[in-house]
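Undergrad: Encoded as structure tokens, here's the structure I'll be asking about.
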Amino acid sequence: SSGDWLLKFLYRTSSVKFRIAGLGPICWKNRRVFNFDLSSIVGGHLDYAEKMDVILKHVGVRTKDEYKRIVGIPKSKNFLSFSSLIGADHSKVKR
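The sequence shown runs contiguously to residue 283 in the numbering used here.
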């Protein structure tokens, strides 16, 4: 997030040579690296953990709630564990 004051502080106190990741785009010619501006979602450093579900959806990662909706599992207070996802029938999941 461009408004992340903690990252700006760390940058200023650590080094004037290098730009710190998270304050702006990364200029890298690697097809596997993508820049996402999360400023509209995250206001500061402490927001990431609280808004992780929204962030993951924004960057295209399916979350457990979306997986449940796609395969028709009703919502409950119990969440899917990683081990239960491994054995699940993934043929119903859109790719």
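In this text, a Cβ means the ideal position worked out from N, Cα and C, and glycines have one as well. These figures come from a predicted structure and were not determined experimentally.
Buried or exposed for Val249, going by 16 or more other Cβ atoms inside 10 Å?
TA: Numbered from its first residue, the sequence shown carries residue 249 at position 61. With fewer than 16 other Cβ atoms within 10 Å, it is exposed.
Undergrad: Hey, how far is the Cα of Gly260 from the Cα of Leu244?
TA: For the purposes of this step, residue 260 is taken as residue 72 along the sequence shown, with counting starting at 1. For the purposes of this step, residue 244 is taken as residue 56 along the sequence shown, with counting starting at 1. Distance between the alpha carbons of Gly260 and Leu244 is about 21 Å.
Undergrad: Using the three-state DSSP reduction, which class does Phe222 fall into: helix, strand or coil?
TA: For this step, residue 222 is matched to residue 34 along the sequence shown. Residue state, collapsed to three classes: coil.
Undergrad: Can you give the Cα-Cα distance for Glu254 and Ile214, rounded to whole angstroms?
TA: Locating residue 254 in the sequence shown gives position 66, where the first residue counts as 1. Locating residue 214 in the sequence shown gives position 26, where the first residue counts as 1. Straight-line Cα distance between these residues: approximately 29 Å.
Undergrad: With a 10 Å radius around its C-beta and 16 neighbouring C-beta atoms as the bar for buried, classify Val230 as buried or exposed.
TA: Locating residue 230 in the sequence shown gives position 42, where the first residue counts as 1. Val230 should be labelled buried.
Undergrad: Can you grab the Cα-Cα spacing for the pair Phe197 / Lys252, in whole Å?
TA: In the sequence shown, counting from the first residue as 1, residue 197 sits at position 9. In the sequence shown, counting from the first residue as 1, residue 252 sits at position 64. Answer to the nearest angstrom: the Cα atoms are 34 Å apart.
Undergrad: Could you pull out every residue in the same chain whose Cβ sits closer than 8 Å to the Cβ of His246, ignoring the five residues on either side in sequence?
TA: Within the sequence shown, residue 246 is the residue found at index 58, counting from 1. Contacts found: Phe224, Leu226 and Ile229.
Undergrad: For Phe222, verify whether its CB is less than 7 Å away from any heavy atom of the ligand NAP.
TA: As presented, the structure is devoid of all ligands, the ligand NAP included, so that no description of it is given.
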